[in-house]
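**Q** If you're matching positions, the sequence shown starts at 93 in the numbering used here and goes up one per residue.
Virtual Cβ for every residue (Gly too), placed ideally from N, Cα, C.
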Amino acid sequence: MNPMSDLSASLPLAHPELLLVGFALGAAMIGAWFKDKAFHALSILGVTAIAGAGVLAMYGPFAPVEIFQGALVVDGVAVFAKVLIGFAGAATLALGADHFGRTGDKRFEYPVLVALAVLGMFVMVSAQDLISLYVGVELQSLSAYVLAAWRRDDAHSSEAGLKYFVLSAISSGLLLFGSSFVYGFTGSIRFDAIAAAVNEGAGGVGLLFGLVLMLCALGFKMSAAPFHMWTPDVYEGAPTPVTAFFAAAPKVAAVALMARVLYEPFAGMEAQWQQVVMALAAISMVWGSIAALQQTNLKRLMAYSSIGNIGFALMGLAAGGEQGASSALIYMALYLPTNIGIFALILAMRREGEPAETVADLAGMAQKRPLMAALFTMLLFSIAGIPPFAGFIGKLLVFSAAVEGGLVWLAVLGGVAAVVSAAYYLRLIASIWFAPPAAQLQAPSGTIMVTAAAAAALSFPILVLMLGAVERWVDAAVRMSF
93 MNPMSDLSAS
103 LPLAHPELLL
113 VGFALGAAMI
123 GAWFKDKAFH
133 ALSILGVTAI
143 AGAGVLAMYG
153 PFAPVEIFQG
163 ALVVDGVAVF
173 AKVLIGFAGA
183 ATLALGADHF
193 GRTGDKRFEY
203 PVLVALAVLG
213 MFVMVSAQDL
223 ISLYVGVELQ
233 SLSAYVLAAW
243 RRDDAHSSEA
253 GLKYFVLSAI
263 SSGLLLFGSS
273 FVYGFTGSIR
283 FDAIAAAVNE
293 GAGGVGLLFG
303 LVLMLCALGF
313 KMSAAPFHMW
323 TPDVYEGAPT
333 PVTAFFAAAP
343 KVAAVALMAR
353 VLYEPFAGME
363 AQWQQVVMAL
373 AAISMVWGSI
383 AALQQTNLKR
393 LMAYSSIGNI
403 GFALMGLAAG
413 GEQGASSALI
423 YMALYLPTNI
433 GIFALILAMR
443 REGEPAETVA
453 DLAGMAQKRP
463 LMAALFTMLL
473 FSIAGIPPFA
483 GFIGKLLVFS
493 AAVEGGLVWL
503 AVLGGVAAVV
513 SAAYYLRLIA
523 SIWFAPPAAQ
533 LQAPSGTIMV
543 TAAAAAALSF
553 PILVLMLGAV
563 ERWVDAAVRM
573 SF
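(1) Measure the alpha-carbon distance for histidine 320 versus tryptophan 379 and round it to whole angstroms.
(2) How would you write the range of the beta strand (DSSP E) that isoleucine 159 sits in, first residue to last?
(3) Can you tell me whether DSSP reads leucine 164 as helix, strand or coil?
(4) Quick one: Cα of leucine 390 to Cα of isoleucine 521, how far?
(5) To which residues of the same chain is glycine 302 closer than 6 Å at the C-beta, ignoring the five residues directly before and after it?
(6) How far does the alpha helix (DSSP H) with phenylalanine 269 in it reach, from first residue to last?
(7) Should arginine 243 go down as buried or exposed, given a rule of 16 or more other Cβ atoms within 10 Å for buried?
(8) Going by C-alpha distance, which of Ala509, Gly276, Lys174 and Leu117 is nearest serine 48?
(9) Do you know how far the Cα of tyrosine 237 is from the Cα of valine 344?
(10) Going by beta carbon distance, what residues of the same chain come within less than 7 Å of valine 227, once the five residues before and after it are set aside?
(11) For arginine 443, collect the residues of the same chain with a Cβ closer than 8 Å to its Cβ; drop the 5 residues on either side in sequence, then sort them by chain order.
(12) Less than 9 Å between the C-beta atoms of leucine 299 and leucine 267, yes or no?
(13) Under the assumption that alanine 436 contacts alanine 514 (Cβ atoms under 8 Å), give the Cβ distance between them as a whole number of angstroms.
(14) Ordered along the chain, which non-local residues of its own chain (more than five positions away) have a Cβ less than 6 Å from that of lysine 198?
(15) Indicate whether serine 551 and leucine 463 have their beta-carbon atoms separated by less than 9 Å.
(16) Does the Cβ of leucine 239 have 16 or more other Cβ atoms within 10 Å, making it buried, or fewer, making it exposed?
(17) Below 9 Å between beta carbons: does that hold for phenylalanine 574 and tyrosine 423?
(18) Using a threshold of 9 Å, state whether the C-beta atoms of leucine 148 and leucine 111 are closer than that.
(19) Report the rounded CA-to-CA distance for tryptophan 565 versus proline 318, giving the unit in angstroms.
(20) Should threonine 184 go down as buried or exposed, given a rule of 16 or more other Cβ atoms within 10 Å for buried?
(21) Going by beta carbon distance, what residues of the same chain come within less than 7 Å of tryptophan 365, once the five residues before and after it are set aside?
(22) Nearest to valine 399 by alpha carbon, out of Met441, Ile438 and Pro342?
(23) For a cutoff of 9 Å on Cβ pairs, would you count valine 229 as touching chain D?
(24) Where DSSP assigns a beta bridge to asparagine 389, which residues make up the other side?
(25) List the endpoints of the continuous alpha helix (DSSP H) containing tyrosine 151.
(26) With burial defined as no fewer than 16 other Cβ atoms inside 10 Å of the residue's Cβ, what is the status of valine 504: buried or exposed?
(27) What residue range is occupied by the uninterrupted alpha helix (DSSP H) comprising phenylalanine 473?
(28) Less than 6 Å between C-beta atoms, sequence neighbours within five positions excluded: which residues of the same chain meet that for leucine 393?
(29) Would you report the Cα separation of serine 102 and proline 480, rounded to the nearest angstrom?
(30) Can you grab the Cα-Cα spacing for the pair glycine 212 / leucine 176, in whole Å?
(31) In terms of residue numbering, what span does the alpha helix (DSSP H) encompassing aspartate 284 cover?
(32) What are the start and end residues of each continuous alpha helix (DSSP H) run of 4 or more residues lying completely inside the stretch 298-363, in chain order?
(33) Using a Cβ-Cβ cutoff of less than 6 Å, which residues in the same chain neighbour tyrosine 327 once the five nearest sequence positions on both sides are dropped?
(34) Counting C-beta neighbours from all protein chains within 10 Å, is the total for asparagine 94 16 or more, i.e. buried, or is it exposed?
(35) Between the alpha carbons of valine 500 and alanine 411, how many angstroms are there, rounded?
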């Protein structure tokens, strides 16, 4: 197919990405003209554009269709991941617009950067060669650096942005170095050609070395231990709406991208990469559970919680096969709304205009803010994996996949880590309901409460009742994609 024919055939399948590009370019021009007076209008348009991109992605084909001369692919896994990313991006942008509008930190670049980060994630989950993979990862990361350092006059925010930038630059170097090894030993950057070379036994130790470097770089992007060193500081220092964004959409994109890398170009090396993914899963689950026990800042605690939860998703990927990939993607779908809801409630905790972000600030919330306390409790039960909430079902699915894949020891370790992590979630619940009340918190905004209530309703009962439909969707996506 000649380039023009390929372009005309590709454009209809790239409508979600084109919508985000159009919004980002248009918003940048409007912002340059009207400055920060356009913040609210651009934020509303941004939420609409990102959510619209998620809706458009939903209508993509499940059978793989390559676009832009094979640089990207539209398939079931990409469709599922883009839907999750789109709605997570829209929800966290709405939280950010509400928060910055109230604090007076309104700059038109915020919705533009969130849209560009979401665009990068869309490219990540559709990547079909090493170049598009790297471009997607870097577009998402470059936007994230700026968002982390959003409060330029705040030392913690500036530190968060600088740490994220410096450490992420190292991971980008690892990704490029690993990709160069893969290209050198297989002779191609395309995933299908790499898969063919792997099946023919090409590369040997050199190819394995490249794969391990790539997995280490992707482990950094999803904050899997031992590549998590940036996560607690960035989560604590970045503005809370930005932290909510980091904890939601990029995690889904990184898990979907790792699934694509493992199950497409390197499917023939499962015995080798399984060892690396098992190690990442085991270390993440254990360290995420233990380190959180010592935290007094809620955002740092949630950072270690996210490390542990990525470990559970990686346990599903390590199991291999269709069941392993499906369990990891379903786990992320069930984890996503709970995480956004918890960060929305942390954002709501303000006292005399200042954020209240410590565990001690939760004390007695049930007496002062009973609705917030009830929503917090539901979401903490879900993320802890307490039945019958959605989080319990997610953990059950990845444990089942690990046992079916012969990784019984990893499932046992995950069970122990889940029990340990439940301790610090239950400690928060005990503080909310039984500790002597702390000083009164400000009344939360409607946007925050609607987001938190929707997240709690999704954790139970909506996603629990819809689990069968979600499982069928993901199973079909994985079966047709890989």
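**A** According to the structure data:
(1) 10 Å
(2) 157-159
(3) strand
(4) Straight across, the Cα-Cα distance linking leucine 390 with isoleucine 521 is about 13 Å.
(5) Gly270, Phe273 and Val274
(6) 247-278
(7) buried
(8) In the structure displayed, the chain extends from 93 to 574; residue 48 sits before or after that span and is not available.
(9) 18 Å
(10) Val215
(11) Asp453, Ala531, Gln532, Leu533 and Gln534
(12) no
(13) With 8 Å as the limit, alanine 436 and alanine 514 do not qualify as a contact, their Cβ atoms being about 22 Å apart.
(14) Asp128, Phe131 and Phe192
(15) no
(16) buried
(17) no
(18) yes
(19) 33 Å
(20) buried
(21) Leu303, Leu307, Leu354 and Phe358
(22) Before going on, a small fix: residue 399 reads as isoleucine here, not valine. Among Met441, Ile438 and Pro342, the Cα nearest to that of isoleucine 399 belongs to Pro342.
(23) Included in the structure is just one protein chain, with no chain D present.
(24) Thr450
(25) For tyrosine 151, no alpha helix (DSSP H) segment is defined, and its DSSP state is neither H nor E.
(26) That one is exposed.
(27) 462-476
(28) Excluding positions up to five away in sequence, the list reads Ala384 and Gln387.
(29) Rounded to whole angstroms, serine 102 and proline 480 show a C-alpha spacing of 43 Å.
(30) 14 Å
(31) 283-291
(32) Within the stretch 298-363, the complete alpha helix (DSSP H) runs of at least 4 residues are 323-329, 332-338 and 341-355.
(33) Thr335, Lys391 and Ala395
(34) exposed
(35) If you take the alpha carbons of valine 500 and alanine 411, they lie about 10 Å apart.
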